[in-house]
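Residue numbers (UniProt numbering): 1 to 536. Ideal Cβ positions, reconstructed from N, Cα and C, are used throughout, including at glycine.
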C-alpha cells in the first residue's frame, strides 16, 4: 500500500528485535534446512527479512572454502574463527582433517610430490594423530585408487566427500557460530522417535509417520467391558484357568468343586459340568493336551485329584502321607507326569497312574512352574525366593534372590522370559528370567493377606492383569508401573483372587472373586489403547 502517494519502503531492520530467542533459533534452523535442500535464495530472503544471522560471516566463508576445495582460504577463515572456538586442540584437529582431505585429493589426482609436500609441511608439523599420520604415509605406495578409498574409508574427491568433511568440522564449532549439521532434521527424527517410544503395544516399531500429526500406535483393545457374570459356585471362587486350546475354562472354589465351562468363539462361556472334590479347591493345572486336570487344595490337603475332564471322572487320587500338604501343581511338557508340592516340605514328581517318580526333600513349596525344557522346575519357597530344580540331576540353583516379603504366587510368560510375582504387602513385581534381574514394580493393587493369581496377556504378552483385595482388577502394560485400566464389577469388599487371559483371543479376560462370581471381560468397541473413546 502507498502512503501519501509514496510506496512503502521494505523494513530493512527485519524482525530480529521482535523475535524471541526461541523464534530466532527456529528461523536459523529453517534457514539451514532450506540451504541443505539447495534453496539458497529462499534461505537468504528468510534471513534478510527476519534480520537473523544464520551463521558467523567467517563461518560462511569457511564453509564455502571447504566445499570448493580452497584449502588455504579455509585455513585462513578458521584462524579468524579461532577466538570464537577458544579451544586450540579443537582447531588443531580441524586443521588436520582439512589437510588430510587435501592430501587424499592430491593423491587421487596423481600429484604424488605435492601430496608428499602436504604430508611433510602441513600434516606432520601439527604433531597429532601420529598413528593415523603413519597410515596416511603408507598409502603413498598404493597405486590403486579403489584400494585407497577402502583403506581410508573415503569416498573419493568431490562435493560429497567435502560435504561429509564439512559435517565433521561443523561439530567442532560453537552453535552460535554455525549450527550442527542438518539440525532441524535431527530434531524432527528425535521427536518422532520419542513419540514412538511413548506408544504402547508397538515396542517402538511404528512405521514412519507424517510430521503433520503425532505418532500414534494402532488401536489396541484392552479388556474393559464385562460381557458375562456367572454364578455356579456356592463358595468363594479361588482360581480360574482357560485350557491351552481355549475351548474350555475351569473355575475352582472353596465349595469343593471345579466347574468346567465351554468357551464359544465370541468369548461367551456356558456351563458344562461340575467336578466334585473332597477339599476346598485353591489351585489346578490343565495337562498339555487339555484332557486332564490336576487339582489341589488348601494347606491341609494331602493329595492331588487327577480328573478326566471330558468324562467328568476322577482318574486317581495321589497321596504319600496323610500329613502331606499339596497346594501347588504343574505339568511336565510331555504330559506324562506332573510335579506337586506344599508348604510343609513335600515336593514330588508323579506319574499318570499316581505313582511318585522322584522327590526333592525338605523344600517348602509355595508355587511351581515346569520350564519348556522339561527338566528345570521353578519353585517359590518359604525363604521368599525362587529356585530352579532339576529332578534328574538332583540339582538346584537360585533364580530370584530372597525378597523381604513372601512370594504369594507367581506366573511365567509363554516365552519364559519373564516372571510375574505377587508379593505380600509389596504388590506386583516383574523379573527378567533371561538374566535373573528385577525389572519393575507395579503400583495400585492391594495384597496384604490373600493369595492373588496374576496373568500375562495381549498379543505379545505386553499386558499384565491382577486382582486386588479391594475388588478391583488392575491392567498394566509391562513397560509402565501405573495401571492403564482399572475394572470394577466385583464386590468392592471382596478379593478378586484370580484373573486369566484367553490363550487365543488374547484380550479376553476371566476373573473370579470371593463374591462367588465369574466375570468375562472383553474390549469395548469404541476405546483405544488407553481406554479413552476412539473417535478416529
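Report the CB separation of residue i from residue j in whole angstroms; it is logged as a contact under 8 Å.
i: residue 396; j: residue 387; result: 5 Å
i: residue 173; j: residue 85; result: 7 Å
i: residue 377; j: residue 389; result: 5 Å
i: residue 331; j: residue 285; result: 6 Å
i: residue 249; j: residue 510; result: 6 Å
i: residue 445; j: residue 237; result: Their Cβ separation, rounded to whole angstroms, is 18 Å, which puts residue 445 and residue 237 out of contact at 8 Å.
i: residue 145; j: residue 111; result: Actually they are not in contact, since the Cβ atoms of residue 145 and residue 111 sit about 13 Å apart, beyond 8 Å.
i: residue 267; j: residue 508; result: 5 Å
i: residue 253; j: residue 281; result: 6 Å
i: residue 279; j: residue 301; result: 5 Å
Please report how far the alpha carbon of residue i lies from the alpha carbon of residue j, in whole angstroms.
i: residue 13; j: residue 51; result: Reliability of the predicted coordinates at residue 13 is poor, the pLDDT of 48 falling under 50, and the value obtained from them is presented with this limitation in mind. Going from the Cα of residue 13 to the Cα of residue 51 covers about 6 Å.
i: residue 60; j: residue 87; result: 20 Å
i: residue 473; j: residue 516; result: 15 Å
i: residue 80; j: residue 122; result: 19 Å
i: residue 40; j: residue 213; result: 28 Å
i: residue 425; j: residue 449; result: 8 Å
i: residue 264; j: residue 247; result: 7 Å
i: residue 289; j: residue 406; result: 33 Å
i: residue 4; j: residue 167; result: Note that residue 4 has pLDDT 44, beneath the 50 cutoff, so the model's placement of it is unreliable and no number is given.
i: residue 291; j: residue 306; result: 10 Å
i: residue 134; j: residue 170; result: 26 Å
i: residue 240; j: residue 383; result: 27 Å
i: residue 30; j: residue 76; result: 28 Å
i: residue 269; j: residue 185; result: 53 Å
i: residue 353; j: residue 373; result: 23 Å
i: residue 32; j: residue 130; result: 35 Å
i: residue 392; j: residue 360; result: 10 Å
i: residue 465; j: residue 416; result: 17 Å
i: residue 530; j: residue 427; result: Legend: pLDDT at residue 530 = 36, less than 50; position of this residue unreliable, no value from coordinates given.
i: residue 18; j: residue 68; result: 36 Å
i: residue 118; j: residue 126; result: 12 Å
i: residue 398; j: residue 328; result: 19 Å
Going by alpha carbons, who is nearest to residue i out of the options?
i: residue 320; options: 357, 164, 308; result: 357
i: residue 394; options: 380, 381, 348, 429; result: 348
i: residue 245; options: 506, 154, 18; result: 506
i: residue 235; options: 524, 523, 518; result: 518
i: residue 297; options: 314, 287, 255, 262; result: 255
i: residue 456; options: 447, 431, 471, 444; result: 431
i: residue 492; options: 53, 510, 467, 459; result: 467
i: residue 78; options: 62, 70, 66, 93; result: 62
i: residue 434; options: 116, 193, 129, 371; result: 371
i: residue 512; options: 49, 293, 233; result: 233
i: residue 158; options: 28, 106, 475, 18; result: 106
i: residue 230; options: 525, 520, 55; result: 520
i: residue 502; options: 294, 324, 223, 469; result: 223
i: residue 258; options: 210, 312, 355, 404; result: 312
i: residue 363; options: 428, 273, 340; result: 340
i: residue 487; options: 58, 499, 56, 481; result: 499
Consult DSSP for residue i and reduce its assignment to one of helix, strand or coil.
i: residue 143; result: coil
i: residue 381; result: strand
i: residue 26; result: helix
i: residue 500; result: strand
i: residue 522; result: strand
i: residue 625; result: Lying before the first or after the last residue shown, residue 625 is absent from the chain, which here runs from 1 to 536.
i: residue 20; result: coil
i: residue 35; result: helix
i: residue 516; result: coil
i: residue 297; result: strand
i: residue 493; result: coil
i: residue 537; result: This structure cannot speak to residue 537, because the chain is shown only from 1 to 536.
i: residue 274; result: strand
i: residue 118; result: helix
i: residue 473; result: strand
i: residue 164; result: helix
i: residue 446; result: coil
i: residue 581; result: Any property of residue 581 remains undetermined from this structure, which presents the chain solely from 1 to 536.
i: residue 441; result: strand
i: residue 221; result: coil
i: residue 292; result: strand
i: residue 41; result: helix
Comparing the C-beta of residue i with each C-beta of chain C, is any distance below 8 Å?
i: residue 87; result: In the structure shown, chain C does not exist; there is a single protein chain.
Segments of 4+ residues assigned as alpha helix (DSSP H) that fall wholly inside the UniProt repeat "WD" (230-271): none
Any beta strand (DSSP E) of 3 or more consecutive residues that is wholly inside the stretch 397-422: 407-412
Continuous alpha helix (DSSP H) assignments of at least 4 residues falling wholly in the stretch 307-380: none
Ranges of the alpha helix (DSSP H) found wholly within the stretch 56-125, counting only runs of at least 4: 57-68, 71-85, 88-108, 112-118
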